[in-house]
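Here our numbering is used: the first residue of the sequence shown is 14, the next is one more, and so on. Some notes on the structure that comes next.
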Amino acid sequence: MNTTAILAVAAIGFAVSAVSGYFLIPYLHKLHFGQTILDIGPSWHKNKQGTPTMGGFMFIFAILTASVVGYFMLSQGKNDLWHGTQVEIARYWGTILLAVSFGIIGFVDDYIKVVKKRNLGLTAIQKLIMQFVAAGLYILILYTAGDTSTVLIIPFLGQLDLGLVYFPLCVVGIVYITNSVNLTDGLDGLCGSVTCVSALGFMMVSAAMGFGGINLLSTALAAACLGFLVWNFYPAKVFMGDTGSMFLGGMVTGLAFGVGMPLILAFLGIIYICESMSVVLQVISFKTTGKRIFKMSPIHHHFEMCGLSEVKIDFAFSAVTAVGAVLAVLAVRFI
């Protein structure tokens, strides 16, 4: 892989994300785009009331800028991991389009909450319809570009041809993971740090599998998240909002499809899955037995109520993701 391209994308991703905070955060303050803390959350989060939201635009701008530069360098240079095929191009720009589509949905949700003063934003049905449309269009783009395989690679176990059922399952999976990423954004620095480590894992996996375009997108994602953490790590000066978390959900799912292994998210997205499953299990348990499994869900709030600080939870969840990244790299060896 072209080392110059990787370094350029990393530098641009980090710099644009970090530096844009100097301009965007004061502007969000000026617009009074502050986060509303709901009463259903931990009481000690009330001191975060009014912290600017929609800060996800910082890493969105960074990733878009780095992606354009990276694509230009890929197209101009010569390397063994990029051949400019229709499938490669579709996976590259399809990932960006998917992330931006979800980011727009998140922005609409944030806008309704912050500007229209409707605390819950879009209704669940409205959000799901838009998410399924975005995910369906992404899968259609890949299919029309020639990415028509219906074989599902199961890490460490082998392969399974699902036939036409594969495509609707992919759409459902994209929506599920994206909403799981959204649930992870509940503590200062949590979603950003976990996604940064996940992106580093995708860098290793894509390099091992020979996907140059996805390798650059992974680099841009990791660097941009790191730049955002300059402002979002505890105590956060800005929140990414649904604008950011939905965008990140689109990115990580796009990267998984980009390497041809959606189920690699079982490792690189292990925290996202644990977060959403904790909510599902909590609801099922309370509905059937009247008892709660966790002190609060998603599970990061459970650990908060057990006495762990936000910083410790950030590091612990990032460490778990790092272990998942190692397993993901090992899984590639068994294909």
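By construction, the Cβ of each residue, glycine as well, lies at the ideal position given by its N, Cα and C atoms. As the structure is a prediction and not an experimental result, all values here were calculated from the model.
Boundaries (first-last residue) of the alpha helix (DSSP H) holding residue i
i	result
Leu230	225 to 245
Leu165	No alpha helix (DSSP H) contains Leu165, which is instead part of the beta strand (DSSP E) from 164 to 167.
Gly263	254 to 271
Cys209	203 to 222
His314	312 to 318
Thr191	179 to 197
Ala75	70 to 89
Ser322	It is not in any alpha helix (DSSP H) - Ser322 carries neither H nor E in the DSSP assignment.
Ala279	278 to 281
Paired residues, beta bridge with residue i - DSSP
i	result
Asp327	DSSP lists no partner for Asp327.
Asp123	Asp123 is not bridged to any residue.
Gln144	DSSP lists no partner for Gln144.
Gln172	Ile166
Pro65	Gly47
Residue i, buried or exposed, once every other Cβ within 10 Å from all chains shown has been counted against 16
i	result
Met318	exposed
Gln172	exposed
Tyr35	exposed
Val29	buried
Tyr84	buried
Ile348	exposed
Gln89	exposed
Ala236	buried
Pro138	Reading off the sequence, residue 138 comes out as Ile, not Pro. Per the 10 Å Cβ criterion, exposed.
Asp255	buried
Ile109	buried
Own chain, CB closer than 8 Å to residue i, minus 5 neighbours either side, in chain order
i	result
Leu141	Val188
Phe115	Gln144, Ala147, Thr191, Met259, Phe260, Gly262, Gly263
Val8	What is shown of the chain runs 14 to 348, which leaves residue 8 out entirely.
Ile125	Arg131, Gly134, Leu135
Sequence-distant residues of its chain with Cβ nearer than 6 Å to residue i (five each side left out)
i	result
Ala158	Gln99, Val100, Ala103
Met309	His315, Met318
Val349	Only positions 14 to 348 of the chain appear in the structure, and residue 349 is not among them; the question remains open.
Val185	none
Thr334	Val207, Val210, Ser211, Ile284
Tyr151	Gly107, Leu111
Phe330	Val207, Ile284
Within-9 Å CB hit, residue i to chain C
i	result
Cys319	Among the chains in the structure shown there is no chain C, since it carries only a single protein chain.
Own chain residues within Cβ distance below 7 Å of residue i, not counting five before or after
i	result
Phe307	Ser291, Gln295, His315
Tyr179	Thr163, Leu165
Closer than 8 Å: residue i CB and nearest the ligand FAD heavy atom
i	result
Val184	Absent from the structure shown: the ligand FAD. Ligands present: none.
Inter-stretch contact at 8 Å, needing at least 3 Cβ pairs: the segment 133 to 153 / the segment 67 to 76: As far as the Cβ criterion goes, the segment 133 to 153 does not touch the segment 67 to 76, which means the pair count is below three.
Evaluate the contact criterion for the segment 209 to 229 versus the segment 263 to 273: three or more CB pairs, one atom per stretch, below 8 Å. yes
Inspect the CB distances between the segment 150 to 166 and the segment 287 to 299 and report whether three or more fall short of 8 Å. no
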